[in-house]
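Quick note: to get my numbering, add 36 to the position in the sequence shown (first position is 1). Idealized CB from N, CA, C, for every residue including glycine.
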Amino acid sequence: MVFIWQFAGPARTGLTPPPRRGHGRHMSDFVYSPPDTPLRIIHRDADVLVLDKPAGLLSVPGRGEERADSLQSRVLAAFPEALLVHRLDLDTSGVIVFALSAAAQKSLGQQFEARQTRKVYLARLWGHLQPEKGQVDLPLTVDWPNRPRQHVNHETGKPAVTDWRVMRLAADGTTRVRLFPKTGRTHQLRVHMMALGHPILGDPLYAEGPAREFDRLMLHADSLRFRHPQTGVMQTYSAPCPF
């Protein structure tokens, strides 16, 4: 069954958020301050390199020298042969895979394109999400006047589908959920949760008011399952959730 709601503002909750460094992000005054942490290698073999990306670090370099630091640049400093396969949002932490050969990059890229990988995310949402499980099927496209924001557009949007399963309804009025993206659109999970009326806590782009006032985006790439490009064996890698 598919459950779809239109966002009408943050759900009511008794949660008192911790103080946040600064206020909501505006791209014009956004200052990039990536965490100074070593590479967290989950797995490495001759073909793939699986890492745990910290929140606040770009997956690839941005525009300008001040945004040159990224997970990709750090990986290349240690593994010059590494090749990009996919990305995680700046504010999202968790599992990401790089290829260590052109053949591995092609294999992994084809798996992502054909939706043969399985990605699971953990998130904390504002308010109590009900029912216990469901699916959001809302097409997404870029919100050009407000880039990099995305939005729902039934005329020009690309298909975007997300399944959810509630893990816990917390006493503080928030919800911990598992999210299963069936497609890989930009900001898909963030926009879909906002559309349900339960934005992800700490989201600088899509949450408003108290729901935004957290130290980080409460979204973590918990696990990634793919077929090993050399052996053909399905493998699953996970990273501990920091929140």
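Pull up the DSSP beta-bridge partners for residue i, would you.
{"i": "Arg154", "result": "Arg261"}
{"i": "Met270", "result": "Arg263"}
{"i": "Leu119", "result": "Ala135"}
{"i": "Pro217", "result": "Thr198"}
{"i": "Ala159", "result": "Val213, Leu255"}
{"i": "Val84", "result": "Ala135"}
Helix, strand or coil for residue i, going by three-state DSSP, please let me know.
{"i": "Gly98", "result": "coil"}
{"i": "Arg212", "result": "strand"}
{"i": "Lys169", "result": "strand"}
{"i": "Pro90", "result": "coil"}
{"i": "Arg252", "result": "coil"}
{"i": "His164", "result": "coil"}
{"i": "Leu205", "result": "strand"}
{"i": "His187", "result": "strand"}
{"i": "His223", "result": "coil"}
{"i": "Leu174", "result": "coil"}
{"i": "His79", "result": "strand"}
{"i": "Ser129", "result": "strand"}
{"i": "Arg57", "result": "With a pLDDT of only 36 at Arg57, under 50, the local geometry of the prediction cannot be trusted, and no value is derived from it."}
Below 8 angstroms on the Cβ atoms is my guess for residue i versus residue j; work out the distance and round it to an integer in Å.
{"i": "Ser129", "j": "Pro278", "result": "6 angstroms"}
{"i": "His234", "j": "Leu176", "result": "That belief does not hold up - the Cβ atoms of His234 and Leu176 are roughly 17 angstroms apart, past 8 angstroms."}
{"i": "Trp162", "j": "Thr210", "result": "6 angstroms"}
{"i": "Trp200", "j": "Lys155", "result": "Trp200 to Lys155, Cβ: 13 angstroms. No contact."}
{"i": "Ala275", "j": "Ile78", "result": "6 angstroms"}
{"i": "Leu107", "j": "Leu93", "result": "5 angstroms"}
Given a cut-off of 7 angstroms on the beta-carbon distance, is the pair residue i and residue j in contact?
{"i": "Gln186", "j": "His223", "result": "yes"}
{"i": "Tyr273", "j": "Val86", "result": "yes"}
{"i": "Leu126", "j": "Ile132", "result": "no"}
{"i": "Asp173", "j": "Ser137", "result": "no"}
{"i": "Phe216", "j": "Leu237", "result": "no"}
{"i": "Val213", "j": "Val197", "result": "no"}
{"i": "Tyr157", "j": "Asp239", "result": "no"}
{"i": "Pro265", "j": "Ala140", "result": "yes"}
{"i": "Pro74", "j": "Pro90", "result": "no"}
Going by C-alpha distance, which of the options is nearest residue i?
{"i": "Ser69", "options": "Leu87, Arg103, Arg76, Asp88", "result": "Arg103"}
{"i": "Lys142", "options": "Val121, Val156, Lys169", "result": "Val121"}
{"i": "Gln147", "options": "Leu225, Thr219, Gly238", "result": "Thr219"}
{"i": "Pro116", "options": "Glu101, Ala135, Gly98", "result": "Ala135"}
{"i": "Leu205", "options": "Val178, Arg160, Leu232", "result": "Arg160"}
{"i": "Arg261", "options": "Val188, Ala247, His190, Thr153", "result": "Thr153"}
{"i": "Arg263", "options": "Gly145, Gly193, Val188, Leu255", "result": "Gly145"}
{"i": "Pro246", "options": "Asp105, Asp208, Val269, Ser109", "result": "Asp208"}
{"i": "His256", "options": "Leu119, Arg183, Leu225, Glu191", "result": "Leu225"}
{"i": "Asp81", "options": "Ala118, Glu244, Gly100", "result": "Ala118"}
{"i": "Ala114", "options": "Leu253, Arg76, Glu244", "result": "Arg76"}
{"i": "Pro184", "options": "Gly98, Asp88, Gln271", "result": "Gly98"}
Tell me whether residue i, by its Cβ, gets closer than 6 angstroms to a heavy atom of the ligand ZN.
{"i": "Trp162", "result": "Of the ligands one can find in the structure shown there are none, so the ligand ZN has no counterpart to examine."}
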